[in-house]
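Taking it in order: structure first as structure tokens, then the write-up.
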Amino acid sequence: MSQIYARITGTGSALPERVVSNAELEKIVDTSDEWIRTRTGIQQRHIAADGETTGDLATMAAQRALEAAGVKASELDLIVLGTTTPDLIFPSTACLVQHRLGANGCAAFDLNAACSGFVYALGVADKFIRSGQSKKVLVIGAETLTRMVDWTERESCVLFGDGAGAVVLEASAEPGIYATCLHADGGFKHLLYNPVGVSVGFKDEPNHGVRIQMAGREVFKVAVKTLDALVDETLQAAGMEASQIDWLIPHQANLRIIEATVKRLHMPMEQVVVTVDQHANTSSGSVPLALDFAVRSGKVQRGQTLLLEAFGGGFTWASALLRY
Ligand code: ACO
């Protein structure tokens, strides 16, 4: 039997309407547009309206991806949704989105790998397709991460935004995803985490103690080192050279982290999809949002080779090398 590949046949994304500039943040915390731009590359972020949820953004992104692929929701046999900010504790946001799309009956689950959520979800969906278990899969990365932001903490509040992206993956005789690499090291929990939850309990503090705690400089250092090794591993797994990559679509956390990875690949910045300036860090939403922007702007073309990578809380890190 010939090899089955998982191929992206459609992409979509969604952003909240409200845009918050760096200048607006200058009024809330002791920061400056200049500091944020030079340290992170971020110029603005989108922030969900009151009542607007991860599921709302995920549904919109999914509808656009299905439309682009020409696939009906009823044809889906699996939905995997990467998120760390689900609408409810349960049911999963994947189940809520499934019902709103009208895909009732197919398998649906959330996957929490923090900022690596979408690339992890892509890796899982790829295995379902390669094994013959699934033929048409919806993979979503969606977040309302600003709900976890402490707006009095300048070190972290300037970094994040809300958004969602989605792809439809279909079984195909043509590549397709060549390789995915997924990793985690829970020993780094203390550098990036949210200290409360159902089992640990909540706190008698603003927002019930829900807030991102991050040792920014340490996260930065580990991210750069880890992504360097991940790029090498992924190329090796696919039996490819860096020179064969047409586009790098990295997690959009910080332009300086992206530039470090690019240096490793000896790639010009012209071959890198950058949206961190417009979207900031949307966690699981970041890679599929960047992919959809690159596809819809005409940058990414059919037949090109893409390297997707992400790094986030856990720590988790993941990559996918694929032919679009
Ligand atoms: N505005 C102005 N000054 C600031 C701000 C701000 N928003 N934030 C920090 N500073 C100050 C600091 O207090 C410090 O001042 P000091 O020198 O007087 O002590 C100075 O700026 C430098 O701070 P550093 O932390 O050394 O700055 P750095 O260059 O490392 O940039 C940043 C900080 C942007 C957080 C960077 O380390 C980074 O991007 N780290 C990775 C973070 C990340 O990607 N997190 C998300 C991971 S994904 C996930 O799973 C959620």
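The sequence shown runs 690 to 1013 under the working numbering.
Where is the CB? At the ideal position from N, CA and C, for every residue including glycine.
This one's a predicted model, so the numbers in the text were calculated from it and none came from an experiment.
Taking a 10 Å sphere around the C-beta of P895, we find fewer than 16 other C-beta atoms and assign the residue as exposed. With respect to the 8 Å criterion, F1000 and A912 are classified as neighbours on the basis of their beta carbons.
Linking P884 to T971 through their CA atoms gives a straight-line distance of about 20 Å. The DSSP assignment places complete alpha helix (DSSP H) segments of no fewer than 4 residues inside the stretch 900–938 at 905–927, in order along the chain. Taken from the Cβ of S721, at least one heavy atom of the ligand ACO lies inside 7 Å. Classified as buried, R753 has 16 or more neighbouring CB atoms from the shown chains inside 10 Å of its CB. For G771, the distance from the CB to the nearest heavy atom of the ligand ACO is not below 7 Å.
DSSP, reduced to helix, strand and coil, places W840 outside both helices and strands of the structure shown, so it counts as coil. Distances between the C-beta of E844 and the heavy atoms of the ligand ACO include at least one below 7 Å. Between the stretch 720–739 and the stretch 690–701 there are fewer than three inter-stretch CB-CB distances shorter than 8 Å, so the stretches are not counted as touching. E713: member of the alpha helix (DSSP H) spanning N711 to E715, first to last residue. The beta carbon of F877 sits no closer than 7 Å to any heavy atom of the ligand ACO.
Remark: the shortest separation between the CB of N801 and any heavy atom of the ligand ACO does not fall under 7 Å.
With fewer than 16 neighbouring CB atoms inside 10 Å of its own CB, A918 falls in the exposed class. Judged by DSSP in its simplified three-state form, N970 adopts strand.
Per DSSP, D981 is one residue of the alpha helix (DSSP H) stretching across S975 to R985. Secondary structure of R728 (DSSP, three-state): helix. S702 sits in a strand when the DSSP states are folded into three classes.
Judged by DSSP in its simplified three-state form, D851 adopts strand.
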